[in-house]
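Input: a single structure, listed below in structure tokens.
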Amino acid sequence: MARLIRLDRTGHTTLAEWTHGDEAAQEQAVQAFRRELDAGMLASVSREDGTAEVVRELPLDEELVVLRRPIAGG
Amino acid sequence: MIRPDVATPAGYLGEVAPLWWRERPSARTLRRHGRLWTAWTAATATPFFGAGAFLLWLEPLTFPVALASFAHGWVIPELYARRGAVSVVPMGGRRSVSRKPTADEDAERAALGLLGDLLGHDTRELLARTGLVLERGRLGAWLVGEQGAMLVRSGGRRVDCWCVRIADPGSLPAGDRVAHLLLALREDEAGFATVANLAFSGAAWRVRRRMPKRARPALDAARDAAR
């Protein structure tokens with residue numbers, strides 16, 4: 000089960016879950032993903048080499064996509 | 000609001016786009032900034048040592064004034080190092096949001112769980128002990144807190160302290176704040192350093208003694224990782 004989560008005041012919130020072949024759940028996840036990006040969130044997926052990659056379209060083949068807020072200089 | 004789909008090359012941090020005038024740091028530019036920082040510190044501190052020595056040469060009875068001048072020259076680099084050390088806020092420390100009366104324990108626990116999932120066993124253990132996350136990068140070994148980050152450069156002797164935070168943290172729990180900075184660092188290390196503001200660059204020993212005692216082992220581990 001793949002998940003789209005948002006880091007927020009509750010710790011994190013699962014916005015969508017989907018499995019391979021469940022097109023309705025995938026479509027809901029894509030809509031949720033776009034809504035969050037439009038609200039200013041940034042999305043990333045972790046890679047096996049320890050890096051993370053910024054994603055601008057929901058990668059449906061990933062297990063976990065994390066939405067975070069922008070950072071800034073202090 | 001940052002639109003990551005606008006003017007940001009693939010693989011770059013979205014937050015870098017509005018900062019187009021800033022140079023993306025590299026090992027070479029960090030060395031250059033470090034040398035400039037040292038030169039500036041020397042330029043501000045040395046005159047006080049010079050003035051003290053001149054007074055003693057002129058009249059040994061001015062010893063108290065000369066001593067005050069020497070102290071002034073000593074304090075300036077210490078203040079810079081202190082600024083660098085306090086720019087990094089360890090989780091669970093005195094300045095942590097998790098210590099505020101308004102902190103939500105359930106949220107803190109959930110955030111810590113997710114942060115733990117992002118880390119390896121040793122890093123998780125170091126975080127529990129020190130409140131800082133150690134992350135190895137191409138520029139050196141990073142220590143990430145709720146706010147701010149330290150970069151121990153190759154060799155382990157020099158530390159750069161960076162002011163960086165979540166733009167609009169709201170009431171995010173401590174673990175989430177660290178996770179935000181860690182993810183951004185992993186997404187684009189040079190971009191992370193572009194967004195952050197350099198607060199101090201200098202000797203690791205100078206910063207270490209200004210850090211909370213609990214966080215010092217994290218700097219030791221980062222120095223080991225950078226050697």
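For the protein sequence lines, the chains are R and S, in the order given. Residues 0 to 73 in numbering that gives the first Met the number 0 are what the first sequence spells out, letter by letter. Residues 0 to 226 in numbering that gives the first Met the number 0 are what the second sequence spells out, letter by letter. C-beta: ideal position from N, C-alpha, C; glycine also.
query	result
Helix, strand or coil at Val15 of chain S according to DSSP, with G and I counted as helix	helix
Start-to-end residues for the beta strand (DSSP E) that takes in Leu197 of chain S	Asn196 to Ala202
Beta-carbon spacing of Gly174 of chain S, Leu114 of chain S below 8 Å	yes
Chain R contact for Val5 of chain S (CB, 8 Å cutoff)	Legend: pLDDT at Val5 of chain S = 45, less than 50; position of this residue unreliable, no value from coordinates given.
As assigned by DSSP and simplified to three states, the class of Ser43 of chain R	strand
Residues sharing a beta bridge with Val163 of chain S, DSSP	R:Gly72
Exposure label - Ala23 of chain R; buried when at least 16 CB within 10 Å	exposed
Glu52 of chain R, DSSP secondary structure in three states	strand
Reference Thr50 of chain R; option with closest CA among S:Gly201, S:Ala203, S:Arg137 and S:Ala192	S:Arg137
Amino acids of chain S, ordered along the chain, whose beta-carbon sits closer than 8 Å to that of Pro58 of chain R	Those do not exist, as Pro58 of chain R stays about 13 Å from chain S at its closest Cβ, beyond 8 Å.
Own chain partners of Pro76 of chain S with C-beta closer than 8 Å, once the 5 adjacent residues on each side are dropped	Thr40, Ala44, Gly201 and Arg205
Touch test, the region 14 to 33 of chain R against the region 51 to 65 of chain R, Cβ-Cβ under 8 Å, three pairs minimum	yes
Nearest residue (CA-CA) to Ala195 of chain S, options S:Thr61, S:Cys162 and S:Arg215	S:Cys162
Contacts around Ala198 of chain S, its chain only, beta-carbon distance under 6 Å, and the 5 residues preceding and following it disregarded	Arg82, Gly83, Ser86, Cys160 and Cys162
Near-chain R residues of the region 166 to 197 of chain S - C-beta to any C-beta below 8 Å	Ala166, Asp167, Pro168, Gly169, Ser170, Leu171, Pro172, Gly174, Asp175, Ala178, His179, Leu180, Leu182, Ala183, Arg185, Glu186, Asp187, Phe191, Val194, Ala195 and Asn196
Proximity below 8 Å, CB of Gly169 of chain S to CB of Val88 of chain S	no
Where Met0 of chain S sits in the DSSP three-state scheme	Here Met0 of chain S scores only 49 on pLDDT, less than 50, and its place in the model should not be relied on; the value that follows carries that caveat. The answer is coil: DSSP assigns Met0 of chain S none of H, G, I, E or B.
Chain R within 8 Å of Ala109 of chain S, Cβ atoms only	yes
Own chain partners of Leu171 of chain S with C-beta closer than 7 Å, once the 5 adjacent residues on each side are dropped	Ile165
Val85 of chain S - containing alpha helix (DSSP H), residue span	Phe62 to Val85
Stretch pair the region 177 to 189 of chain S + the region 63 to 74 of chain S: three plus CB contacts closer than 8 Å	no
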